[in-house]
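**Q** Residue numbers (UniProt numbering): 8 to 259. Backbone N, C-alpha and C define an ideal beta-carbon position, used for all residues, glycine too. First the structure, then my questions, so here it is.
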Ligand code: 5RP
C-alpha cells in the first residue's frame, strides 16, 4: 500500500465548525494511515492518542490490519488497548519499534515538543526514543513560537525524596527566564500526582524563552533528583496538525 503524503499537504477545509476533540480525532485517524500489518507500534497517551488506539482496534476488528503488537506508554493506554483486544508487549521483548503515534502539548517550528501534561512523559520518551518513525498528532492550538511559549506547564518527573529541594534547583536553573516551579497535585485533595513510575511531577512555567533547548535539557538532566523532562527534542519525524482549515502534515 502507498504511504501517506511525505510532504506538507492541506486537505479541503471542513464545511462545519469542528470541536477540538473532532480535530484531535481527525489528526489521529490520519496518523493511523501510516500503520501497516505486522508493525510493532508505540501507543501514546492522552485524549488525542486515545483516538488513534480506538482506530487501530477498529481496523484490527474489521480485518483491515493484522499482526499488530502495541507497546503502551502508560498504564492508562495499557488498559484501553487491553480492553479493545490489541495484542500488547513491552520494550523488554521489543527494544525497537516500527512506529509510534502520540499527542503533544506544544510543538515548535523545528518539531520539538513538550509532552507530559498528562503525566506519562518517561514511558513515552523511552518508547518513542526507539521507534523508526514517530508521528505526533495535535490540533492547531498546540503550535507555539518556542517551547514553553504557551504559558502552560513544562513537566519534569522527579523522585519524591526532597522534591522541594529539586523544584528549587529547577527554578534556579531558569531564573533568567522568570521560571516558577510547582508540584503537580490533585485540585480536590492537594495530594501529589504520582506517575506510573511512582514519581512526582514538577511543572515549570516560564515568562520568557528559555533559549537553547539542548543546553536546557542537559542542565535539567544533570540535576540529581530529576528522572526525566517533557522536552522531546529532535524526536518527532512527522507532526500531523488538524485545524479549522484542514490537516497539515509536517515532516522533518
Ligand atoms: C501525556 C502526553 C500527551 O500526549 C499530551 O499531554 C497531549 O495530550 P492531549 O492529546 O490530551 O492533548 O504527553 O503525558
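Suppose contacts are defined by Cβ-Cβ distances below 8 Å. Is residue 59 in contact with residue 38 by that definition?
**A** As a first step, residue 59 must be located in the chain shown, where it is residue number 52. As a first step, residue 38 must be located in the chain shown, where it is residue number 31. Against a cut-off of 8 Å, the Cβ pair of residue 38 and residue 59 comes out as a contact.
**Q** Pop quiz: residue 235 and residue 128 are said to be a contact at Cβ under 8 Å. What is the actual Cβ separation, rounded to whole angstroms?
**A** Your numbering for residue 235 matches position 228 in the chain shown. Your numbering for residue 128 matches position 121 in the chain shown. Indeed they touch by this definition, with Cβ atoms about 6 Å apart.
**Q** Below 6 Å CB to CB, which residues in the same chain sit around residue 188 once its five sequence neighbours on both sides are set aside?
**A** Against the chain shown, residue 188 aligns to sequence position 181. Cβ neighbours of residue 188 beyond the five flanking positions: 174, 177, 178, 209 and 211.
**Q** What's the gap between the Cα of residue 105 and the Cα of residue 254?
**A** Against the chain shown, residue 105 aligns to sequence position 98. Against the chain shown, residue 254 aligns to sequence position 247. Approximately 23 Å, taken between the alpha carbons.
**Q** What would DSSP say about residue 210, mapped onto helix, strand or coil?
**A** By one-based count along the chain shown, residue 210 stands at place 203. Residue 210 falls in the strand class under three-state DSSP.
**Q** Just the C-alpha distance for residue 33 and residue 172, rounded to the nearest angstrom, thanks.
**A** Counting from 1 along the chain shown, the entry for residue 33 is found at position 26. Counting from 1 along the chain shown, the entry for residue 172 is found at position 165. Approximately 43 Å between the Cα atoms of the pair.
**Q** From the DSSP output, in three-state form, read off residue 155 for me.
**A** Counting from one through the chain shown, the residue named residue 155 turns up at place 148. Three-state result, residue 155: coil.
**Q** Which same chain residues end up closer than 8 Å to residue 73 when comparing Cβ atoms and leaving out the 5 residues on each side of it in sequence?
**A** By 1-based counting over the chain shown, the position of residue 73 is 66. Correct list, in chain order: 44, 45 and 67.
**Q** Roughly how many whole angstroms lie between the Cα atoms of residue 70 and residue 228?
**A** Counting from 1 along the chain shown, the entry for residue 70 is found at position 63. Counting from 1 along the chain shown, the entry for residue 228 is found at position 221. Going from the Cα of residue 70 to the Cα of residue 228 covers about 44 Å.
**Q** Tell me the rounded alpha-carbon separation between residue 164 and residue 206.
**A** Locating residue 164 in the chain shown gives position 157, where the first residue counts as 1. Locating residue 206 in the chain shown gives position 199, where the first residue counts as 1. One C-alpha to the other measures close to 6 Å.
**Q** How long is the line joining the alpha carbons of residue 48 and residue 257, rounded to whole angstroms?
**A** Within the chain shown, residue 48 is the residue found at index 41, counting from 1. Within the chain shown, residue 257 is the residue found at index 250, counting from 1. Going by the C-alpha atoms only, they are around 20 Å apart.
**Q** Quick check on residue 250: does DSSP put it in helix, strand or coil?
**A** In the chain shown, counting from the first residue as 1, residue 250 sits at position 243. Strand at residue 250.
**Q** Go to residue 107, then tell me how far its beta strand (DSSP E) extends in each direction, as first and last residue.
**A** By 1-based counting over the chain shown, the position of residue 107 is 100. 104 to 109 is the extent of the beta strand (DSSP E) around residue 107.
**Q** From the DSSP output, in three-state form, read off residue 236 for me.
**A** Taking the chain shown and counting its residues from 1, the one referred to as residue 236 is at position 229. Three-state DSSP puts residue 236 in a strand.
**Q** Is residue 56 close to the ligand 5RP? I mean its beta-carbon at under 7 Å from any heavy atom of the ligand.
**A** Counting from 1 along the chain shown, the entry for residue 56 is found at position 49. Correct: residue 56 has its Cβ closer than 7 Å to the ligand 5RP.
**Q** Looking only at its chain, what residues have a beta carbon closer than 8 Å to the beta carbon of residue 154, apart from the 5 residues adjacent to it on each side?
**A** Counting from 1 along the chain shown, the entry for residue 154 is found at position 147. Taken in chain order, the residues that qualify are 113, 115, 119, 120, 121, 161, 217, 220 and 238.
**Q** Could you name each continuous alpha helix (DSSP H) segment of 4 residues or more that falls completely within the stretch 26 to 106, going from the start of the chain to the end?
**A** For the stretch 26 to 106, whole alpha helix (DSSP H) runs of length 4 or above, ordered along the chain, are 27 to 39, 54 to 68 and 82 to 90.
**Q** Does the beta-carbon of residue 25, which I'm using as the reference point, lie nearer than 7 Å to any heavy atom of the ligand 5RP?
**A** The residue given as residue 25 occupies position 18 in the chain shown. Not under cutoff, so the answer is no.
**Q** Is it true that the CB of residue 30 sits closer than 8 Å to the CB of residue 146?
**A** For the purposes of this step, residue 146 is taken as the residue at position 139 of the chain shown. For the purposes of this step, residue 30 is taken as the residue at position 23 of the chain shown. A contact, by the Cβ cut-off of 8 Å.
**Q** Report back the beta-carbon spacing between residue 130 and residue 96 to the nearest angstrom; my notes put them in contact at under 8 Å.
**A** If you number the chain shown from 1, residue 130 lands on position 123. If you number the chain shown from 1, residue 96 lands on position 89. Not confirmed; about 14 Å, so no contact.
**Q** Hey, how far is the Cα of residue 259 from the Cα of residue 138?
**A** Here residue 259 is taken as the residue at index 252 of the chain shown, counted from 1. Here residue 138 is taken as the residue at index 131 of the chain shown, counted from 1. Rounded to whole angstroms, residue 259 to residue 138 spans 15 Å at the Cα level.
**Q** So does residue 52 have its beta carbon nearer than 7 Å to some heavy atom of the ligand 5RP?
**A** Here residue 52 is taken as the residue at index 45 of the chain shown, counted from 1. Under cutoff, so the answer is yes.
**Q** My output table needs one value for residue 165: the three-state DSSP class, helix, strand or coil.
**A** The sequence position of residue 165 within the chain shown is 158, counting from 1. Reduced to three states, the DSSP call for residue 165 is strand.
**Q** Compare the beta carbon distance of residue 264 and residue 75 with 8 Å and say whether it is the shorter of the two.
**A** Residue numbering for the chain in the displayed model covers 8 to 259; residue 264 lies beyond these limits and cannot be assessed.
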